[in-house]
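Below: one structure, written as structure tokens.
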Amino acid sequence: MARSLGRICKGFQCLGSVSSIQTQLRQPSTSVSVRGTTFVRTMVQALPSLFSSKPRDFSLPNSSWGSEMMRLYEHYNGQCKAETEGGEKQEGPWRRLPSYNRLLKYATGGVYLSKIIQSKARLFTRNIRDPGAAFEYVLFVNSEEQKCVCVFQAGHLLEGPPGHVHGGAIATMIDTVTGTHATILSGPVMTANLNINYRSPIPLGSTVLLESFLDKKEGRKTFISCKVTSSDGSKLHTETTALFLSINFSHLLLGE
Numbered sequence: 053m054a055r056s057l058g059r060i061c062k063g064f065q066c067l068g069s070v071s072s073i074q075t076q077l078r079q080p081s082t083s084v085s086v087r088g089t090t091f092v093r094t095m096v097q098a099l100p101s102l103f104s105s106k107p108r109d110f111s112l113p114n115s116s117w118g119s120e121m122m123r124l125y126e127h128y129n130g131q132c133k134a135e136t137e138g139g140e141k142q143e144g145p146w147r148r149l150p151s152y153n154r155l156l157k158y159a160t161g162g163v164y165l166s167k168i169i170q171s172k173a174r175l176f177t178r179n180i181r182d183p184g185a186a187f188e189y190v191l192f193v194n195s196e197e198q199k200c201v202c203v204f205q206a207g208h209l210l211e212g213p214p215g216h217v218h219g220g221a222i223a224t225m226i227d228t229v230t231g232t233h234a235t236i237l238s239g240p241v242m243t244a245n246l247n248i249n250y251r252s253p254i255p256l257g258s259t260v261l262l263e264s265f266l267d268k269k270e271g272r273k274t275f276i277s278c279k280v281t282s283s284d285g286s287k288l289h290t291e292t293t294a295l296f297l298s299i300n301f302s303h304l305l306l307g308e
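This note's numbering puts the first residue of the sequence shown at 53, with every later residue one more than the last.
Structure (structure tokens):
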């Protein structure tokens, strides 16, 4: 793991060199001669869009989303922007978080890095191409209330008990939501403990709501609680307490 993360650091350094080269290549029309052949630098502007392409955002609606998934998405997404009395748009209390199939893609130049560093790797919850087959979810965060919510629709590949979601898939989503929340609150963190109480099973294909709350922070420790309910809040599926430990950036990347 440490070696792999070390490669990421080197990859970022390489990307900086590539960006520098690109900037130089985009300078207006000087020419260089190689083995008697003249090349105009502007030719390099035809380089693939690899350097500027944007990653696919899996948190946006797709054709597999059911009516409850869309209803809750629109409910929270509608609160990401607010309109003043003068009709001007401003930031609302909630913010939608983009979701990619690799954490590398959150970094500047991450799309490029993801193609050269363990290019076959995929985020566990975003590794199935078939829309609606597994984890369909979107996260929203409210910094003022120190709260994070996730709208989650469970696909048919997540079966545990017949017709219901596997407990491990539920735990995966809880770890995803609480871990994201803790990272927003405290910077880079690692999961130290998840204590999950399962109250009622979740039917396959249904939409549930995960709500994450900050309990307290003590030094490097961030304590989070989370509950999973039916989309209308009438049924409690799980209750969770979670502990995350802050780590420094070099430890995260290099395992130091």
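The beta carbon of each residue, even a glycine, is placed where N, CA and C say it ideally should be.
- Comparing C-alpha distances from ALA294 to each of PRO255, PRO253, ALA223 shows the shortest one belongs to ALA223.
- At a cut-off of 3 residues, the continuous stretches assigned as beta strand (DSSP E) that sit fully inside the segment 105–158 are 133–135, 141–143, 147–149.
- Taking each of ALA186, ILE168, PHE296, PRO113 in turn and checking the Cα distance to GLY231, the smallest one comes out for PHE296.
- Under the three-pair Cβ rule at 8 Å, the segment 145–155 counts as touching the segment 171–191.
- Residue range 219–238 is occupied by the alpha helix (DSSP H) that includes ALA221.
- Residue environment analysis places GLN205 among the buried positions, since at least 16 neighbouring C-beta atoms fall within 10 angstroms of its C-beta.
- For ASN114, the closest C-alpha among the options LEU209, PRO183, PRO213, SER238 is that of PRO183.
- Per DSSP, the unbroken beta strand (DSSP E) holding SER264 starts and ends at 259–270.
- Residue state for LEU256 is assigned as coil, using DSSP reduced to three classes.
- With a cutoff of 8 Å on beta-carbon distance, LEU246 and THR292 are scored as near each other.
- The Cβ atoms of GLU263 and VAL217 lie no closer than 8 Å to each other.
- Secondary-structure assignment with DSSP links HIS208 through no beta bridge to anything.
- Distance from the CA of GLN170 to the CA of ASP109, rounded to the nearest whole angstrom, comes to 20 Å.
- By the criterion of a C-beta distance shorter than 8 Å, LEU124 is surrounded in its chain by VAL203, THR259, LEU261, SER283, once the five residues flanking it on both sides are discounted.
- A check of alpha carbon separations from GLY118 across ASN249, GLY207, VAL229 identifies GLY207 as the nearest.
- Under DSSP, LEU246 takes part in a beta bridge, and its partners are ALA294.
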